[in-house]
Amino acid sequence: MIISLCDDPQDVADLAAQRVADLLHDSPRAVLGLPTGRTPILMYDLLAEQHAEGTLDFSQVSTYNLDEFVGIGEDHPGSYRAYMRRYLFDRVNLTSGEGHVLDGLAADPDAECARFEEAIDAAGGIDLMILGLGANGHIGFNEPADRLQARTHRVRLLEPSRQANAGFFGGDPAQVPAEAMTMGMGTILKARRILLLVTGAEKAPTVGAMINGPVTPQLPASFLQLHRHVELICDTEAASALR
Ligand code: GLP
29 MIISLCDDPQ DVADLAAQRV ADLLHDSPRA VLGLPTGRTP ILMYDLLAEQ
79 HAEGTLDFSQ VSTYNLDEFV GIGEDHPGSY RAYMRRYLFD RVNLTSGEGH
129 VLDGLAADPD AECARFEEAI DAAGGIDLMI LGLGANGHIG FNEPADRLQA
179 RTHRVRLLEP SRQANAGFFG GDPAQVPAEA MTMGMGTILK ARRILLLVTG
229 AEKAPTVGAM INGPVTPQLP ASFLQLHRHV ELICDTEAAS ALR
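Residue numbers for the sequence shown follow this note's numbering, beginning at 29 and rising by one.
Rendered as structure tokens:
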């Protein structure tokens with residue numbers, strides 16, 4: 029794993045946006061895997077700025093989001109589809125229908141997960157998967173557990189994850205849906221390259237365990253040790269537990 033150490037969250041965003049821009053300049057038809065959460069917002073701002081300046085073109089790009097809540101759709105401001113519209117899709121020239129997010133209102137979430145997995149394969153797989161890190165070690169919504177599911181699947185959220193997402197639901201964890209759909213760790217590890225963005229002291233112990241500890245389903249992020257092309261872009265606070 030390559031570790032790129034940055035001074036602060038703005039530098040993390042600068043480097044992440046540069047990685048995305050470099051890829052899109054080399055491969056205008058790239059397939060991106062995208063995260064939500066607080067961490068990537070500054071990166072999305074920079075991508076939108078570069079697009080507004082005329083230096084970044086999304087017209088041939090397609091994107092696949094990591095996860096979505098079950099039971100809410102794009103009309104709900106807490107849905108990840110609404111998040112993606114707010115921070116990226118409505119700010120760049122992505123072709124309509126090429127920003128793929130699992131449908132939280134699908135009548136059959138299991139079938140929706142299978143459809144999504146097939147759509148990623150049909151697109152040729154993900155060239156660059158960008159990830160955030162849950163404080164409990166989750167990736168997407170692959171929660172710490174005795175066993176992990178490899179492919180895109182439905183999941184019951186743990187309480188810490190509902191609390192971490194409460195900011196998008198008026199600050200009330202009880203308003204956060206109890207279930208979500210997420211790419212599996214196998215789906216994620218099939219991506220050709222992975223960027224993991226982490227900021228803040230709160231996640232330092234998780235970053236330390238993810239890199240120095242064993243590969244274990246109790247810390248889903250530790251599975252990233254198995255991939256050949258992972259770059260962790262983190263600030264000094266998040267890296268403070270690294271040896
Ligand atoms: C949510 C998302 C994850 C994300 C995590 C971290 O739980 N499902 O994909 O990485 O939040 O969020 P934040 O960046 O806000 O700490």
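A virtual CB, placed ideally from N, CA and C, is assigned to each residue, including glycine.
Can you find a heavy atom of ligand 1 that lies under 6 Å from the Cβ of phenylalanine 97? Counted from its first residue, the sequence shown places residue 97 at position 69. Because no heavy atom of ligand 1 lies under 6 Å away, the Cβ of phenylalanine 97 does not count as near it: no.
Tell me which residues share the same chain as aspartate 36 and place their Cβ nearer than 6 Å to its Cβ, disregarding the 5 neighbours each side in the sequence. Along the sequence shown, one-based indexing puts residue 36 at 8. Within the same chain, aspartate 36 has close Cβ partners Asp263.
Would you be able to state if there are at least three C-beta pairs under 8 Å between the segment 179 to 188 and the segment 216 to 234? no
Below 8 Å on the Cβ atoms is my guess for glycine 101 versus leucine 74; work out the distance and round it to an integer in Å. Looking up residue 101 in the sequence shown gives position 73. Looking up residue 74 in the sequence shown gives position 46. At roughly 28 Å, the Cβ-Cβ gap does not stay under 8 Å, so glycine 101 and leucine 74 are not in contact.
Rounded to whole angstroms, what is the Cα-Cα separation between aspartate 39 and alanine 173? The residue labelled residue 39 in the question sits at position 11 within the sequence shown. The residue labelled residue 173 in the question sits at position 145 within the sequence shown. Using only the alpha carbons, I get a separation of about 33 Å.
Nearest-angstrom Cα separation, counted from methionine 29 out to histidine 166: Reading the sequence shown from its first residue, position 138 is the one you call residue 166. Reading the sequence shown from its first residue, position 1 is the one you call residue 29. For histidine 166 and methionine 29, the distance between alpha carbons rounds to 18 Å.
Whole angstroms is fine: what's the gap from glycine 195's alpha carbon to valine 243's? As a first step, residue 195 is located in the sequence shown; it is residue number 167 there, counting from the start. As a first step, residue 243 is located in the sequence shown; it is residue number 215 there, counting from the start. The straight-line gap from Cα to Cα measures roughly 30 Å.
Could you check whether the Cβ of leucine 176 sits closer than 6 Å to any heavy atom belonging to ligand 1? If you number the sequence shown from 1, residue 176 lands on position 148. Checking the Cβ of leucine 176 against ligand 1 gives no.
Taking Cβ positions, are histidine 128 and tyrosine 92 nearer each other than 7 Å? For the purposes of this step, residue 128 is taken as residue 100 along the sequence shown, with counting starting at 1. For the purposes of this step, residue 92 is taken as residue 64 along the sequence shown, with counting starting at 1. The answer is yes: Cβ separation under 7 Å.
Taking 6 Å as the cut-off, is the beta-carbon of phenylalanine 144 closer than that to any non-hydrogen atom of ligand 1? Start at 1 with the first residue of the sequence shown, and residue 144 comes out as number 116. Outside the cutoff, so no.
Considering histidine 220, what are the terminal residues of the beta strand (DSSP E) in which it resides? Position 192 of the sequence shown, counting from 1, holds the residue named residue 220. A small correction: the amino acid at residue 220 is arginine; histidine does not occupy that position in the sequence shown. Run containing arginine 220: none; DSSP gives neither H nor E here.
Going by the beta-carbon positions, is the gap between aspartate 95 and threonine 210 smaller than 7 Å? As a working mapping, residue 95 is identified with position 67 in the sequence shown. As a working mapping, residue 210 is identified with position 182 in the sequence shown. Yes, the pair counts as a contact, with Cβ atoms nearer than the cut-off.
Is it right to say serine 124 is buried, meaning 16 or more other beta carbons lie within 10 angstroms of its own, or is it exposed? Position 96 of the sequence shown, counted from the first residue, corresponds to residue 124. Its Cβ having fewer than 16 others within 10 Å, serine 124 is exposed.
So is the beta-carbon of threonine 297 under 6 Å away from any non-hydrogen atom of ligand 1? A query on residue 297 cannot be resolved here, the shown segment of the chain reaching from 29 to 271 and no further.
Anyone know if the C-beta pair for threonine 67 and glycine 168 falls short of 7 Å? For the purposes of this step, residue 67 is taken as residue 39 along the sequence shown, with counting starting at 1. For the purposes of this step, residue 168 is taken as residue 140 along the sequence shown, with counting starting at 1. Not in contact: threonine 67 and glycine 168 (Cβ atoms no closer than 7 Å).
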